[in-house]
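Heads up: the structure comes next, in structure tokens.
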Amino acid sequence: MKKLLLATTATALLAGAASAEDIKLGIILGFTGPIESLTPSMAAGAELAIKEVSDSGLLLDGSTVEPVRADSTCVDSAAATAAAERLITSDGIKGIMGADCSGVTGAILANAAVPNGIVMISPSATSPALSTAEDNGLFFRTAPSDARQGQVMADVLMEEGIESVALTYTNNDYGKGLADSFQKAYEEAGGTITISAAHEDGKADYSAEVASLASAGGDRLVVAGYVDQGGSGVVRAALDSGAFDTFHFPDGMIGAALEENFGDEIDGSTGQHPGTDSEGATMFSELVGDSFDSTSPFTPESYDAAALILLAMQAAGSSDPAAYKEKVMDVANAPGEKIYPGELAKALELLAAGTDIDYVGATAVELIGPGESAGNYRQIVFEDGKITTVQYR
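So this is what it looks like as structure tokens:
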């Protein structure tokens, strides 16, 4: 009997070892380009979740997970698509944490993810157009749509007593979608937009654009651009010419580079980016420690995006995207035991036992409609050259 038990145990162990996989997960972010100062922390957030799961030894009979990075460039759709195709065909990834900017995310989804049946969870693509993209149930995002951000922007400015603004936006899917959403909400609230003008990234001089914005006037300049590109160029030209001295910044403009570029020159400026003061946000910050900036825009969302992919695999009992895409909404939402940052091993055990989980994560995850975040925002103001939290919405 003892020999039989030993043989049975050995067989079970061999079966478990045979079914374990080396799973590769793509991380596609703009490591070069107009938000390159934000993406290192975003990637680190995703890789923290991946390491937590892989080190636990609890995913799919002891499978390991390896992150594989690729550069979306944020703005070059052809380059982003080629990078995604390399990850899918050469590296054999089972899912994508990304992409980041809306235009390249849509291109990867249409040209690489859907044709190859690969799940994508973006932490930062916010264009409202992605809510209705053809995705075969493969696309999700832990960031809210800019349909929500536009309303929050309008609320912040009206509450600040700013009833007229000039608006400039980066000339792409992200910028146009956010500008349209904001303009609709702001005008409905009684605000006036004196001018709405696109700007192109990559220019050395934005004095002509600022001259047009200045001639239209406004109590504040809204810059819906990128902190490492044209958005900062517009701000510099506005400051140097004296056209505007306070600004309002949405998510693509908020980051450490904004403090480094302008310091107290933009004191009194306001903005918002996705964020929450939830219990999970505090736990994420404690988990990260001083390894990287846990409060950098879209970094908590990146941890959550990677975690959701891996937890969905466990819930489906498979790393096949065709199977686990059906479980993403289930693990993200109630009912189930709440799961916070640092508790991914616990979540894997519960799922293996057939117990429901409700992944709360670092950003109070709740996926609605087409699989996107309902939306919480951190409202900020510049004081003494530093980004300071005002409140959460």
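Residues in the sequence shown are numbered consecutively from 1116, following the working numbering.
Cβ coordinates follow ideal geometry from the N, Cα and C atoms, glycine included.
All values reported here derive from a predicted model rather than from experimental measurement.
When the five nearest sequence neighbours on each side are left out, the beta carbons in the same chain lying within less than 7 angstroms of the beta carbon of Val1271 are those of Thr1385, Gln1387, Gln1494, in order along the chain.
Classified as exposed, Gly1469 has fewer than 16 neighbouring CB atoms from the shown chains inside 10 Å of its CB. Cβ atoms of Ala1477 and Ile1483 stay farther apart than 8 angstroms, at about 18 angstroms. In this structure, the beta-carbon distance from Ser1237 to Gly1213 falls below 7 angstroms. Every unbroken stretch of the beta strand (DSSP E) spanning 3 or more residues and falling wholly within the region 1270–1336 is given here in chain order: 1279–1285, 1307–1314. Taking 8 angstroms as the upper bound for CB-CB distance, Ser1239 and Ser1260 are not in contact here, some 12 angstroms apart.
Here Asn1287 is buried. Its C-beta has 16 or more other C-beta atoms within 10 Å. Per DSSP, Ser1134 is one residue of the alpha helix (DSSP H) stretching across 1117–1134. The beta carbon of Met1444 is closer than 7 angstroms to those of Leu1482, Gly1486 in its chain, skipping five residues each way along the sequence. Note: Gly1141 is bridge-paired with Val1183, Ile1211 in the DSSP secondary-structure output. Distance check between Met1268 and each of Ala1313, Glu1303, Ile1472 places Glu1303 closest, using alpha-carbon atoms only.
A check of alpha carbon separations from Asn1376 across Thr1361, Phe1364, Gly1348, Leu1402 identifies Gly1348 as the nearest.
The residue from Gly1306, Glu1274, Glu1275, Gly1276 with its alpha-carbon nearest to that of Leu1282 is Gly1306.
In the DSSP annotation of this structure, the continuous segment of the alpha helix (DSSP H) that includes Phe1377 starts and ends at 1371–1377. CA-to-CA, the gap between Asp1419 and Ser1330 works out to about 44 angstroms. For the pair Asp1473 and Ala1225, the Cα-to-Cα distance works out to about 30 angstroms.
Collapsing the DSSP output to three states places Glu1394 in a helix. Three or more beta-carbon pairs separated by less than 8 angstroms link the region 1193–1206 to the region 1227–1236, which places the two stretches in contact. Residue Asp1471 holds the alpha-carbon nearest to the alpha-carbon of Lys1453 among Ala1467, Ala1438, Glu1441, Asp1471.
In the pairwise beta carbon analysis, the region 1350–1361 is classified as not touching the region 1292–1299: fewer than three pairs are separated by under 8 angstroms.
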